[in-house]
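Engineer: Okay, so the sequence shown: first residue is 1 according to my numbering, each after it adds one. C-beta atoms are modelled at their ideal positions from N, C-alpha and C, and glycine is treated no differently. Got a structure here, written out as structure tokens. Questions coming.
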Amino acid sequence: MTEQTSPPPRPRADGWAFLREAVRDLRTTGAVAPSSRALAHALAAPVRARAPHPIDVLEAGAGTGAVTRVLLPQLPRGARLDVVEANPRFADRLRDLVAAQSATRVTVHQAYVEELATDRRYDVIVSGLPLTNFTPAQVDRIMARYLELLHPGGTLTWFAYLGTRRARAMFATRAELHRHAAVDRAMAAHLRGGRTECRTVLANLPPARVWQLHPNT
Numbered sequence: 001m002t003e004q005t006s007p008p009p010r011p012r013a014d015g016w017a018f019l020r021e022a023v024r025d026l027r028t029t030g031a032v033a034p035s036s037r038a039l040a041h042a043l044a045a046p047v048r049a050r051a052p053h054p055i056d057v058l059e060a061g062a063g064t065g066a067v068t069r070v071l072l073p074q075l076p077r078g079a080r081l082d083v084v085e086a087n088p089r090f091a092d093r094l095r096d097l098v099a100a101q102s103a104t105r106v107t108v109h110q111a112y113v114e115e116l117a118t119d120r121r122y123d124v125i126v127s128g129l130p131l132t133n134f135t136p137a138q139v140d141r142i143m144a145r146y147l148e149l150l151h152p153g154g155t156l157t158w159f160a161y162l163g164t165r166r167a168r169a170m171f172a173t174r175a176e177l178h179r180h181a182a183v184d185r186a187m188a189a190h191l192r193g194g195r196t197e198c199r200t201v202l203a204n205l206p207p208a209r210v211w212q213l214h215p216n217t
């Protein structure tokens with residue numbers, strides 16, 4: 001008798017799951033909807049750029065797997081993917097997704113990326129974490145861990161939503177404005193440590209800007 005596996009979560013079901021988690025904690029979920037396919041493709045661009053060479057890839061803050069779904073078929077032969085997600089309900093969905101795809105070189109870790117226990121270094125790190133929602137100290141820890149985990153010559157890619165600065169100016173408290181300004185300064189300091197590229201993805205809710213950092217070696 002053959003073993004039956006459950007089908008991967010459907011995008012609409014993922015959207016409801018994402019919304020439920022956003023209601024629980026918007027700061028760590030970061031949005032009310034998963035990343036669009038256009039945004040996921042933009043984040044996966046450094047993986048495509050390295051094909052067909054086998055590479056090690058880390059995806060942090062994978063949520064319900066919107067970017068993971070795009071990454072899986074684009075991984076070169078022999079590549080490895082580590083998926084890190086702190087939310088236990090999201091991590092379970094990611095394991096179902098990986099199992100349904102029979103992706104044997106993919107591992108899902110339920111952990112905070114700054115606490116990930118691994119000796120591996122990565123050619124590409126794809127970050128889905130809502131960095132602008134964190135404290136400056138958390139951003140520094142996360143970015144430092146990314147740079148520690150990245151191979152020399154590797155690429156870190158992440159995104160930030162457009163239009164949030166204007167919304168903050170209208171609705172945020174003074175404490176929140178100070179926190180956001182400190183986060184902006186922390187990110188700017190890390191960006192000075194390498195070459196950056198940026199593109200805008202309008203086909204997302206809300207539109208987003210995708211960054212790539214190629215640290216100095």
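Verify whether the separation of the beta carbon atoms of residue 61 and residue 128 is less than 9 Å.
Structural biologist: It is a contact, given that the beta carbons lie within the stated cut-off.
Engineer: Quick one, which of 41, 82, 105, 112 has its alpha-carbon nearest residue 130's?
Structural biologist: Residue 112 is the option with its Cα nearest to residue 130.
Engineer: Classify residue 204 as buried or exposed, calling it buried when 16 or more other Cβ atoms lie within 10 Å of its own Cβ.
Structural biologist: That one is buried.
Engineer: Give the DSSP-derived three-state secondary structure of residue 155 in the structure shown.
Structural biologist: Correct three-state label for residue 155: strand.
Engineer: Please list the terminal residues of the continuous alpha helix (DSSP H) segment that includes residue 41.
Structural biologist: 37–43 is the extent of the alpha helix (DSSP H) around residue 41.
Engineer: Could you give the residue range of the beta strand (DSSP E) that holds residue 88?
Structural biologist: Not the beta strand (DSSP E): residue 88 falls in the alpha helix (DSSP H), residues 88–100.
Engineer: Kindly give me the distance between the Cβ atoms of residue 109 and residue 92, rounded to whole angstroms, as I take these residues to be in contact under 8 Å.
Structural biologist: With 8 Å as the limit, residue 109 and residue 92 do not qualify as a contact, their Cβ atoms being about 13 Å apart.
Engineer: Counting C-beta neighbours from all protein chains within 10 Å, is the total for residue 85 16 or more, i.e. buried, or is it exposed?
Structural biologist: Flag for residue 85 reads buried.
Engineer: Given this structure, state the Cα-to-Cα distance separating residue 192 from residue 142, to the nearest angstrom.
Structural biologist: When rounded, the distance between both Cα atoms is 16 Å.
Engineer: Do three or more CB pairs link the region 144–157 to the region 172–187 at distances below 8 Å?
Structural biologist: No, they do not touch.
Engineer: When the Cα of residue 215 is compared with those of 122, 132, 71, 40, which residue comes out closest?
Structural biologist: Per the Cα distances, 122.
Engineer: Looking at residue 43 and residue 171, is the spacing between their C-beta atoms short of 9 Å?
Structural biologist: No, the Cβ-Cβ distance between residue 171 and residue 43 is not below 9 Å.
Engineer: Assuming residue 176 is part of the alpha helix (DSSP H), what are its boundary residues?
Structural biologist: 174–191 is the extent of the alpha helix (DSSP H) around residue 176.
Engineer: Can you give the Cα-Cα distance for residue 237 and residue 208, rounded to whole angstroms?
Structural biologist: With the chain running from 1 to 217 in the structure shown, residue 237 is simply not present.
Engineer: In whole angstroms, what is the alpha-carbon distance linking residue 88 and residue 217?
Structural biologist: The straight-line gap from Cα to Cα measures roughly 36 Å.
Engineer: Using a Cβ-Cβ cutoff of less than 6 Å, which residues in the same chain neighbour residue 189 once the five nearest sequence positions on both sides are dropped?
Structural biologist: So the list is empty, once near-sequence residues are dropped.
Engineer: Three-state secondary structure (DSSP) at residue 132?
Structural biologist: Helix at residue 132.
Engineer: For residue 194, write down the residues that DSSP places opposite it in a beta bridge.
Structural biologist: For residue 194, which the question treats as bridged, DSSP gives the partners 215.
Engineer: Identify every residue that forms a DSSP beta bridge with residue 161.
Structural biologist: DSSP lists 208 as partners of residue 161.
Engineer: Does DSSP put residue 60 in a helix, a strand or coil?
Structural biologist: Strand, per DSSP.
Engineer: Per DSSP, residue 200 is paired with what?
Structural biologist: Beta-bridge pairing links residue 200 to 209.
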